[in-house]
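Participant: Quick note on numbering: UniProt numbering labels position 277 of the sequence shown as 277, and the sequence is numbered without any gaps.
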Amino acid sequence: MVRQVFFGPLIQTNDKEELIIQENVAVFVDDGKITSILENPKDHEREFQLERKIRDEIIVLSHGQFMMPGFIDAHTHAVQFPNLGLGYNKGLLDWLETYTFPLEKQYTDTKFAERVFEAVVKRTIKMGTTTACYFASLYADACAILAQKTAKLGQRAFIGKVNMNTPRDDGYYENTLTSVIDTIGFIKSIEIIGSPLIKPIITPRFALSCDMELMQKLAEIAKSKDIHIQSHVSENKDEIIAVKQAFPHLPSYTAVYDAAGLLTNKTVLAHGVYLEDDELTILKERGTAVIHCPSSNTNLKSGLCDVQRLKANSIKVGLGTDVSGATSYSMLNEIRSVLQVSNCLSLTRDNYTPLSYKDVFHMATLGGAKALSIDDKVGNLMIGKEFDALIIDMNAEGGLLDNFKEYTLEENFQRFIYAGDERNIVSVYVNGKKVN
Ligand code: GUN
Ligand code: FE
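#1: Looking at the structure shown, is Cys143 part of a helix, part of a strand, or coil, going by DSSP?
#2: Comparing C-alpha positions only, which one of Lys188, Asp258, Ala260 and Ser373 sits nearest to residue 438?
#3: Following a CB-centred definition, is Ala270 positioned closer than 6 Å to any heavy atom of the ligand FE?
#4: Given 6 Å as the limit, tell me if Asp94 has its C-beta closer than that to any heavy atom belonging to the ligand FE.
#5: Could you pull out every residue in the same chain whose Cβ sits closer than 8 Å to the Cβ of Glu39, ignoring the five residues on either side in sequence?
#6: So, for Lys284: in the same chain, excluding its five sequence neighbours on each side, which residues have a beta-carbon less than 7 Å away from its beta-carbon?
#7: Determine the direct distance from the alpha carbon of His75 to that of Ile192, and round the result to whole angstroms.
#8: For Arg415, I'd like the list of residues in its chain whose CB is within less than 8 Å of its CB, leaving aside the five on either flank, ordered along the chain.
#9: Terminal residues of the continuous beta strand (DSSP E) containing Asp73?
#10: Kindly provide the ranges of any beta strand (DSSP E) runs that are 3 or more residues long and lie completely inside the region 92 to 161, ordered along the chain.
#11: Taking the alpha carbon of Thr178 as the point to measure from, which residue in Asn412, Lys161 and Ile241 has its own alpha carbon closest?
#12: Are the CB atoms of Cys305 and Val256 within a distance shorter than 7 Å?
#13: Nearer than 6 Å: is that true of the beta carbon of Asp322 relative to any heavy atom of the ligand GUN?
#14: Taking Ile425 as the reference, give the member of Asn14, Leu250, Gly70 and Gly368 with the closest Cα.
#15: Taking Pro354 and Ser342 to be in contact with their CB atoms under 8 Å, please state how far apart those CB atoms are, rounded to whole angstroms.
#16: Helix, strand or coil: which one does DSSP assign to Arg286?
#17: Does the contact criterion of 3 or more C-beta pairs under 8 Å hold for the region 125 to 132 versus the region 182 to 192?
#18: Grab the span of the alpha helix (DSSP H) containing Leu38 for me, first residue to last.
#19: Alpha carbon to alpha carbon, how far is Ala246 from Asp109?
#20: Rounded to the nearest angstrom, what separates His228 and Val268 at their Cα positions?
#21: Per DSSP, what kind of secondary structure is Leu177 in: helix, strand or coil?
#22: Using only alpha-carbon positions, find the residue among Thr13, Gln4 and Pro9 that is nearest to Ala364.
#23: What's the C-alpha gap between Met164 and Asp388?
#24: Would Val60 pass as an interface residue toward chain C - the criterion being a Cβ-Cβ separation below 7 Å?
#25: Note down, in chain order, each residue of its chain lying with its Cβ closer than 8 Å to the Cβ of His63, except the 5 sequence neighbours on either side.
#26: Whose C-alpha, out of Lys217, Arg156 and Ser231, is nearest the C-alpha of Ser195?
#27: Under 6 Å from any heavy atom of the ligand GUN, does the C-beta of Phe206 make it?
#28: What separation, rounded to the nearest whole angstrom, lies between the Cα atoms of residue 447 and Cys143?
#29: Considering only C-alpha positions, which residue in the set Ser330, Ser252 and Lys149 is nearest to Leu280?
#30: Who does Thr267 pair with in a DSSP beta bridge?
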């Protein structure tokens with residue numbers, strides 16, 4: 001057994017979405033799991049000295065450092081990283097055709113997949129993403145490579161083999177049978193890797209790339225194996241019109257997924273910018289979460305998602321970078337996009353309360369864990385959960401921020417959220433293991 005103890009300040013949110021700031025705690029971790037948390041360990045000197053003796057690893061944070069839960073990027077596309085920064089002159093559907101699909105077709109080349117995915121996992125870990133929910137590739141071999149990379153590099157991940165059976169002139173789709181067989185094969189390949197940190201997720205790309213038969217078959221697989229589901233919903237106005245044309249007998253975009261049986265309490269849907277009231281009712285009833293992707297929504301001019309409305313309707317909301325809709329795979333940057341979009345909404349509406357940085361920190365950590373129904377394991381540092389954590393250092397060498405005066409812990413946290421960057425993320429732990 002590996003026994004660790006971490007001493008220092010801890011900042012996290014709780015189930016009530018409150019920010020909890022503790023100046024001085026000892027977090028005890030046995031084989032990755034948090035077994036106890038002592039506040040003001042100096043007050044428990046005797047027990048503490050005894051415990052200390054049996055620990056394999058003792059990490060004492062220095063002045064200017066604090067612990068926090070790792071970020072959960074609840075929606076990103078591993079295959080799209082080579083397109084970061086490209087093509088934001090287009091709207092969603094044109095952007096997919098012009099930039100995204102041509103790139104994604106290249107992943108039949110497994111050497112290319114190896115190179116890209118190694119970088120994706122290393123880079124997102126460096127940014128503090130301890131859990132990532134990935135759209136992988138249409139091709140099962142490439143998906144298996146992404147799963148191997150996350151296993152090797154120690155990131156917690158959901159990995160989805162992308163499903164698309166709507167015929168296209170460029171051949172970038174598969175027939176229903178192949179889609180189903182390859183999805184089942186991919187799930188097996190994850191079982192063979194056998195890492196408790198890596199889970200498959202059923203991934204119909206969106207209602208425009210799958211027919212009802214395929215979506216129903218995918219929903220059956222998810223049900224029979226009790227696994228997660230992810231897709232996109234209501235991201236862009238032209239997309240919504242096209243979905244209504246493709247499924248004229250169904251009343252809404254959300255109703256299409258519901259008719260397929262895809263909406264469960266383990267389903268996460270990215271965007272949800274234009275959801276109507278009856279769609280919110282369905283999502284709430286099913287326990288399905290929306291993943292907010294504000295950088296992508298503004299880059300592709302999709303729209304401004306009203307997160308306060310989702311929350312007021314008791315919809316679980318997580319946060320996603322949606323690379324390469326986003327220009328950055330940093331969850332810190334994504335947090336800032338949430339705040340800017342929320343501030344913009346408040347400027348254009350009467351009596352609109354914008355989200356606070358505390359609300360958004362919650363969304364990037366425990367909120368994401370709840371959206372993905374893994375909040376029994378991660379999202380904050382509580383007894384019984386796994387130690388997925390970051391050590392932040394406001395004195396980090398080469399960092400963007402100076403310390404010309406003394407700051408309180410809360411001020412330092414606020415500075416990190418608004419103005420820090422990955423140079424301040426000096427350690428990243430997943431399940432107690434240092435992965436960066
Ligand atoms: N809808 C369907 N596919 C995609 C995608 O790759 N990115 C985004 N942002 N939306 C989508
Ligand atoms: Fe996406």
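The beta-carbon is built from N, C-alpha and C at its ideal position, and this holds for glycine as well.
Facilitator: On the basis of the supplied data:
#1: One-based indexing of the sequence shown puts residue 143 at position 143. Cys143: helix per DSSP, three-state reduction.
#2: With the chain covering only 1 through 436, there is no way to say anything about residue 438.
#3: Against the sequence shown, residue 270 aligns to sequence position 270. Taking 6 Å as the cut-off, the C-beta of Ala270 counts as close to a heavy atom of the ligand FE.
#4: Within the sequence shown, the letter at position 94 stands for residue 94. False, no ligand heavy atom lies under 6 Å from that Cβ.
#5: Indexing the sequence shown from 1 puts residue 39 at position 39. Hits under 8 Å: Gln22, Asn24 and Val25.
#6: Within the sequence shown, residue 284 is the residue found at index 284, counting from 1. A distance below 7 Å between beta-carbons, with the five flanking residues on each side excluded, links Lys284 to the following residues of its chain, in chain order: Asn313, Ser314 and Ile315.
#7: Position 192 of the sequence shown holds residue 192. Position 75 of the sequence shown holds residue 75. Rounded to the nearest angstrom, the two C-alpha atoms are 24 Å apart.
#8: For the purposes of this step, residue 415 is taken as the residue at position 415 of the sequence shown. Apart from the 5 residues on each side of it in sequence, Arg415 sits with its Cβ closer than 8 Å to the Cβ of Met394, Leu401 and Tyr407 in its chain, given in chain order.
#9: Within the sequence shown, residue 73 is the residue found at index 73, counting from 1. Asp73 -> beta strand (DSSP E) spans Phe71 to His77.
#10: The qualifying runs are 129 to 135 and 156 to 160.
#11: Working through the sequence shown from its first residue, we reach residue 178 at position 178. Among Asn412, Lys161 and Ile241, the Cα nearest to that of Thr178 is on Lys161.
#12: Taking the sequence shown and counting its residues from 1, the one referred to as residue 256 is at position 256. Taking the sequence shown and counting its residues from 1, the one referred to as residue 305 is at position 305. Contact: no.
#13: Sequence index remark: in the sequence shown, residue 322 carries index 322 (1-based). Annotation for Asp322 indicates a beta carbon within 6 Å of some heavy atom of the ligand GUN.
#14: Locating residue 425 in the sequence shown gives position 425, counting from the first residue. In this structure, Gly70 is the residue among Asn14, Leu250, Gly70 and Gly368 with its C-alpha nearest to the C-alpha of Ile425.
#15: If you number the sequence shown from 1, residue 354 lands on position 354. If you number the sequence shown from 1, residue 342 lands on position 342. Sure, about 4 Å apart at Cβ, within 8 Å.
#16: Walking along the sequence shown from the start, residue 286 turns up at place 286. Collapsing the DSSP output to three states places Arg286 in a helix.
#17: The region 125 to 132, when compared against the region 182 to 192, does not touch it at the 8 Å Cβ threshold.
#18: The residue you call residue 38 lines up with position 38 of the sequence shown. Taken as a continuous stretch (DSSP letters only), Leu38 belongs to no alpha helix (DSSP H), being part of the beta strand (DSSP E) at Lys33 to Glu39.
#19: Sequence index remark: in the sequence shown, residue 246 carries index 246 (1-based). Sequence index remark: in the sequence shown, residue 109 carries index 109 (1-based). Going by the C-alpha atoms only, they are around 32 Å apart.
#20: Start at 1 with the first residue of the sequence shown, and residue 228 comes out as number 228. Start at 1 with the first residue of the sequence shown, and residue 268 comes out as number 268. Going by the C-alpha atoms only, they are around 8 Å apart.
#21: As a first step, residue 177 must be located in the sequence shown, where it is residue number 177. Reduced to three states, the DSSP call for Leu177 is helix.
#22: Translated into the one-based positions of the sequence shown, residue 364 becomes position 364. Of the candidates Thr13, Gln4 and Pro9, the one whose C-alpha sits nearest the C-alpha of Ala364 is Thr13.
#23: On the sequence shown, position 164 is the one that residue 164 refers to. On the sequence shown, position 388 is the one that residue 388 refers to. Going by the C-alpha atoms only, they are around 33 Å apart.
#24: Considering every chain present, this structure includes no chain C. It has just one protein chain.
#25: Along the sequence shown, read from residue 1 onward, the residue named residue 63 stands at position 63. Contacts found: Asn395.
#26: The residue labelled residue 195 in the question sits at position 195 within the sequence shown. Ranking the options by Cα distance to Ser195, first place goes to Arg156.
#27: As a first step, residue 206 is located in the sequence shown; it is residue number 206 there, counting from the start. Checking the Cβ of Phe206 against the ligand GUN gives yes.
#28: Shown here, the chain extends from 1 to 436; a query on residue 447 therefore has no answer.
#29: Mapped onto the sequence shown, residue 280 falls at position 280. Among Ser330, Ser252 and Lys149, the Cα nearest to that of Leu280 belongs to Ser252.
#30: Within the sequence shown, residue 267 is the residue found at index 267, counting from 1. Partner residues in the beta bridge of Thr267, as assigned by DSSP, are Ile229.
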